[in-house]
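The next block holds one structure in the form of C-alpha cells; read it before the comments.
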Amino acid sequence: MSDDERGKNLLEHTLVSPDARQTEPVGEARTKAERADGARPPVAEWIRVVGAREHNLANIDVEIPKRRLTVVTGVSGSGKSSLVFDTIAAEAQRQLHETLPAFVRGFLPSYGHPAVDLIENLAAVIMVDQRRLGGGARSTVGTITDIAPLLRLLFSRAGTPHVGTSDAFSFNLPAGMCPACEGLGTITDVDMDAFLDPSRSLNEGALLAPAFKVGTWQWQVYGGSGRFDPDKPVRDYTEEERHALLYGTDGSVRIGTNGQQINATYEGAVVKFRRLYIQKDSAEMGERTRQMAGRFTTSVGCAECGGARLSRAALDCRVRGHGIAELSAMEATRLLDVLATFDLPDVAPVVEALTTRVGHLVDIGLGYLSLDRATDTLSGGESQRIKIVRHLGSTLTDMLYVFDEPSTGLHARDVRRLTDLLLRLRDNGNTVLVVEHDRDVIAAADHVLDIGPEAGSGGGRVVFAGDVAALSSADTPTGRHMRSRTRLKDEVREPTGSLAVVGARAHNLRDLSLEIPTGVLTVVSGVAGSGKSSLVHKVFLAQHPDAIVVDQTAPSANRRSTTATYTGALDPIRKAFAKANGVSPALFSANSAGACPACEGMGVIYTDLSYMAGVVAPCETCEGRRFTSEVLAYRLDGATISDVLEMTVGQACEFFAKNRSVGPILRAVVDVGLDYLRLGQPLTSLSGGECQRIKLASYLHRRGAVYVLDEPTTGLHMSDVARLLGVLDHLVDDRASTVIVIEHDLDVIAHADWVVDLGPDGGSAGGQLMFQGRPADLLSASGSHTATYLRHALGVGGNGASAS
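In full-length UniProt numbering, the protein residues as written are 1 to 804.
In C-alpha cells:
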C-alpha cells in the first residue's frame with residue numbers, strides 16, 4: 001500500500017465507522033459536531049485498531065468491545081501477542097507514560113510507537129504477563145502481594161509483648177531484621193572444601209579461587225611475602241599458621257612484581273574473599289564474577305533466627321498465641337482458617353483486610369503457597385496469578401487489563417476459578433483482554449478474535465470475530481477444535497522395563513515409591529502444587545541423572561543468538577555458501593569477517609535516548625541485511641546469505657532439501673511446530689514454550705534416551721498439541737526412547753500410555769499418589785480431580801464443573 005493510499009484509508013477509518021453498530025462520525029469530526037450542540041460526548045464502546053502491521057500483522061483492522069471479556073486466540077505464531085501486547089498494550093502504556101515528567105519516565109520501561117495507523121478509545125492499561133517475579137532474596141509472596149505489611153501492622157497493634165511500630169516486624173528494615181543474617185534467613189560464607197586444597201602447597205595452588213591463582217597479585221600476599229613456606233602443604237601447617245593464612249588480619253606485608261615493592265595491609269585469604277565477593281553488593285559485580293564467587297561459597301540457615309529473618313523481639317511477639325514467623329510459614333488455606341479465629345475488635349479492619357487478601361490467594365488456586373515463599377521460586381503461571389491477586393481489591397474502573405495465557409500451569413479444576421476472577425474484573429467495569437488457547441477460557445469470553453489462519457507470514461489476519469456460539473461453527477482451526485472432543489488413543493504401548501523412584505519425600509511428597517515404565521509416554525498429572533515438579537525434578541532426576549531435561553528456561557542467548565546459530569544450522573549453511581563461491585566460510589557469519597562494519601552484523605542500529613524511548617533503526621549502510629556488499633554479491637541457488645536468514649524454517653527446509661547437513665536440522669525444528677520462526681530470528685524473542693520446543697528439536701536424533709519435559713503444551717494452540725504429540729510419539733516409536741511429561745492438558749493425558757496422578761490438592765493437602773496406570777483405568781479412579789475432568793472431557797459421565 002502506498003503512502004497516499006494509506007492516508008486515504010486512515011481518513012476513511014477516522015471519519016466513518018466500518019461497523020453497523022457505530023454509524024455516527026467518530027474521532028475529531030464527531031467531537032466538534034457534539035460540542036457545537038453543547039452535548040456531552042457519549043462513552044466510546046469499542047477500542048478501534050486500524051492498520052496494525054506490527055511483526056506479521058497484515059495491516060488489519062479490529063474492534064474490541066469495552067467492559068467485556070475478549071479472548072484473542074489462534075495458532076502459535078499467528079500474531080496474537082503482536083496485536084494484544086506489541087500494538088494495543090504498548091500504545092496504551094506509551095501514551096500513559098507520556099503524561100509523566102521526563103525525569104520520571106527515565107525510571108520506567110520505554111515503549112516506542114507500534115506499527116499501526118490508528119488506535120482509538122484506549123484506557124489506562126495493566127499488563128499481567130508470565131514473566132517470573134524477581135525482587136531478589138528479600139522478595140516473598142507476602143511482600144509482593146502487600147499481605148506482609150498488613151500482617152506487620154496487626155502485630156504492631158495487637159501483639160504481646162508490645163515491640164514497636166510495624167517496622168519492627170520487617171525483615172527488610174534494620175528495626176526488624178535479624179542482626180546475624182541481616183534479614184536474609186541464610187548466611188553465605190566461604191565453602192572451605194571448594195576454596196582450599198590442603199594437600200597442596202601455596203606454590204602448587206592450594207588456594208583454589210581464581211583471584212588467588214599462583215603468581216597473581218593476591219597470591220603474593222601469601223606465597224611471596226615470606227610469611228609462609230610456599231612449598232609446605234597446608235595440611236602440615238600448625239594451627240596458628242593455618243589461622244593466619246585464612247583469617248589473620250594483623251600487620252602488613254611487602255609484595256611486588258617487576259622490581260616494584262609496596263606495603264599492603266594483611267588480610268587472610270578467607271577474610272579477603274569475604275570482603276571482595278560476599279560482603280560486596282552483587283549488583284556491583286559482573287555476571288561472570290557472581291558465578292565465580294558462587295562456586296566457592298555456600299549458604300546455611302541462620303542459627304540466630306532459625307531462618308525466620310526477624311529479630312528475637314519480633315519472633316517472641318504473639319497474637320492469640322501465634323508468632324508472625326509461624327503465620328508467614330502457613331499455607332494460605334491454613335492461614336485463612338487461623339485468621340477466622342482472631343476476635344480482635346480493636347484491629348478488626350486490619351484482620352478483615354488480611355482475610356480478604358489471603359482469600360484472594362486461595363480463590364485463584366494458590367492456597368498452597370505460604371507468605372514466606374521466595375518469589376524467585378515461583379513458576380511463570382504462579383507469578384502471573386500472583387499479579388492478578390494484586391489487582392482484585394482495586395476499585396478502579398474503565399481500566400484495560402491484558403493477560404498472557406493466564407491458564408498456564410493450571411489444572412482443569414482451577415481454570416474455572418481463573419475465569420471467575422477474569423469475569424469479576426470485567427464486572428467491575430473494566431475491559432479484559434486475554435491471549436489464550438484453553439477452550440474453557442475461550443468459552444467464558446463475551447467476544448473472541450481468532451488470528452490466523454497459520455503462523456508467521458501465513459498468519460496475521462483476523463479469521464473470526466464474534467461470540468463463542470458463532471466460533472463453534474466457524475471454519476478455522478480454533479472453531480474446529482472447539483467442536484471436537486478429547487479422545488483416548490486406540491492402543492497403548494507395552495513398557496520395555498521400568499525406572500524405580502524410591503522414598504520420594506521432597507517438599508510435600510509423602511514417602512512415595514513407584515515405577516516409571518520405560519519405552520512409553522508417561523504423563524505426571526495433578527493440580528498445581530500437588531508435587532509433580534518435586535517428584536520429577538527433585539527426586540526422579542536425582543535418582544536417574546542421565547535423563548535429558550527439556551524445560552522452558554531460555555537457551556543461553558543474547559541479541560546475536562538466532563534460530564540458525566542455536567540449532568547448528570548456520571555452520572553447514574555457511575559452508576554451502578563458501579563452497580559454491582570458493583571463499584572462506586567466515587565471510588557468511590554476521591559475527592565474523594563478513595559483518596557490516598556500521599552495525600557490526602546486527603542489521604539495526606540501537607540508539608539510547610536516555611529518558612526517551614530508545615530508537616532501533618535499520619542500518620543505512622547494509623539496509624538491514626547485516627553483511628558487507630562484497631558478501632551480499634555471493635549467492636547460493638540465487639539467494640544471498642541475508643535472503644536465507646530471512647527465510648522461515650519451513651521455507652529454508654524446502655530450499656535446503658537436498659543438503660544432507662542442513663535438511664535434517666531444519667526438519668527437526670519443523671517437527672516440533674516451529675516452522676514459522678525465521679532463521680535469523682533472535683532467541684531473545686522466543687516464548688517459554690518456543691524455547692522448550694527448540695531445545696527439544698536438538699535432541700530428536702538421539703536414541704534410547706529418557707526425556708523429561710515440563711508442560712510442553714505451554715503456548716500451544718489446540719491444533720498444535722496434536723503435532724507435539726506426534727513428536728513425542730516419534731521419540732518413543734522411532735527413537736526407542738522413554739518420555740516423561742509433566743502436564744495438565746487433557747488431550748495429552750488421554751494420549752499417554754501411562755499416567756501418574758498426584759493430589760488430591762496442593763501443598764500439605766497433596767503429595768499423595770492418587771493413581772498410576774493406563775488412562776482408560778484412570779476414568780474409574782475415585783478422589784482424583786484429573787479423573788473427574790478427564791471423564792468430563794471425554795463425555796463419559798461425571799461433571800467436571802462439580803469438582804471446582
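Glycine is no exception: its CB is placed at the ideal position from the N, C-alpha and C atoms. Small disclaimer: the values here were computed from a predicted structure and weren't measured.
Taking the CB atoms as reference points, tell me whether residue i and residue j lie closer together than 8 Å.
{"i": "residue 433", "j": "residue 126", "result": "no"}
{"i": "residue 390", "j": "residue 145", "result": "yes"}
{"i": "residue 76", "j": "residue 709", "result": "no"}
{"i": "residue 570", "j": "residue 631", "result": "no"}
{"i": "residue 264", "j": "residue 214", "result": "no"}
{"i": "residue 153", "j": "residue 139", "result": "no"}
{"i": "residue 180", "j": "residue 326", "result": "no"}
{"i": "residue 793", "j": "residue 483", "result": "no"}
{"i": "residue 732", "j": "residue 519", "result": "yes"}
{"i": "residue 439", "j": "residue 770", "result": "no"}
{"i": "residue 332", "j": "residue 410", "result": "no"}
{"i": "residue 383", "j": "residue 133", "result": "yes"}
{"i": "residue 141", "j": "residue 371", "result": "yes"}
Helix, strand or coil: which one does DSSP assign to residue i?
{"i": "residue 573", "result": "helix"}
{"i": "residue 383", "result": "helix"}
{"i": "residue 263", "result": "strand"}
{"i": "residue 789", "result": "helix"}
{"i": "residue 602", "result": "coil"}
{"i": "residue 364", "result": "coil"}
{"i": "residue 482", "result": "helix"}
{"i": "residue 158", "result": "helix"}
{"i": "residue 92", "result": "helix"}
{"i": "residue 254", "result": "strand"}
{"i": "residue 441", "result": "helix"}
{"i": "residue 672", "result": "coil"}
{"i": "residue 463", "result": "strand"}
{"i": "residue 818", "result": "With the chain represented from 1 up to 804, any question about residue 818 goes unanswered, as that position is not in the structure."}
{"i": "residue 627", "result": "strand"}
Taking the beta carbon of residue i as the centre, do at least 16 other beta carbons fall within 10 Å, making it buried, or is it exposed?
{"i": "residue 247", "result": "exposed"}
{"i": "residue 217", "result": "exposed"}
{"i": "residue 70", "result": "buried"}
{"i": "residue 775", "result": "buried"}
{"i": "residue 805", "result": "Residue 805 lies beyond the residue range present for the chain, which begins at 1 and ends at 804; the question has no answer from this structure."}
{"i": "residue 809", "result": "Residue 809 lies beyond the residue range present for the chain, which begins at 1 and ends at 804; the question has no answer from this structure."}
{"i": "residue 192", "result": "exposed"}
{"i": "residue 32", "result": "Any reading at residue 32 needs caution, since the residue's pLDDT is 38, under 50, leaving its predicted position unreliable; the model's value is listed next. Counting Cβ neighbours within 10 Å, residue 32 comes out exposed, since fewer than 16 surround it."}
{"i": "residue 373", "result": "buried"}
{"i": "residue 462", "result": "buried"}
{"i": "residue 98", "result": "exposed"}
{"i": "residue 124", "result": "exposed"}
{"i": "residue 57", "result": "buried"}
{"i": "residue 789", "result": "buried"}
{"i": "residue 240", "result": "exposed"}
{"i": "residue 262", "result": "exposed"}
{"i": "residue 543", "result": "exposed"}
Would you say residue i faces chain B, with C-beta separation under 8 Å as the test?
{"i": "residue 397", "result": "Of the protein chains in the structure, only one exists, and it is not chain B."}
Across which residues does DSSP place residue i in a beta bridge pair?
{"i": "residue 322", "result": "319"}
{"i": "residue 52", "result": "60"}
{"i": "residue 782", "result": "The partner list for residue 782 (beta bridge, DSSP) is empty, contrary to what the question assumes."}
{"i": "residue 453", "result": "DSSP, once it has assigned bridges, lists no residue as partnering residue 453."}
{"i": "residue 120", "result": "48"}
{"i": "residue 515", "result": "500"}
{"i": "residue 401", "result": "126 and 432"}
{"i": "residue 682", "result": "562"}
{"i": "residue 709", "result": "550 and 741"}
{"i": "residue 757", "result": "525 and 771"}
{"i": "residue 327", "result": "BP columns for residue 327 are empty, so no partner."}
{"i": "residue 540", "result": "Bridge partners of residue 540: none, in fact."}
{"i": "residue 187", "result": "300"}
{"i": "residue 617", "result": "605"}
{"i": "residue 65", "result": "46"}
Quiz item: Contact between the region 471-488 and the region 736-744: three or more CB pairs below 8 Å?
Solution: no
Practice problem: Would you be able to state if there are at least three C-beta pairs under 8 Å between the region 619-631 and the region 582-596? | Solution: yes
Practice problem: Could you say if the region 508-526 and the region 103-118 meet the contact criterion of at least three C-beta pairs nearer than 8 Å? | Solution: no
Exercise. Examine the Cβ distances between the region 85-102 and the region 492-507 and report whether three or more of them are shorter than 8 Å.
Key: no
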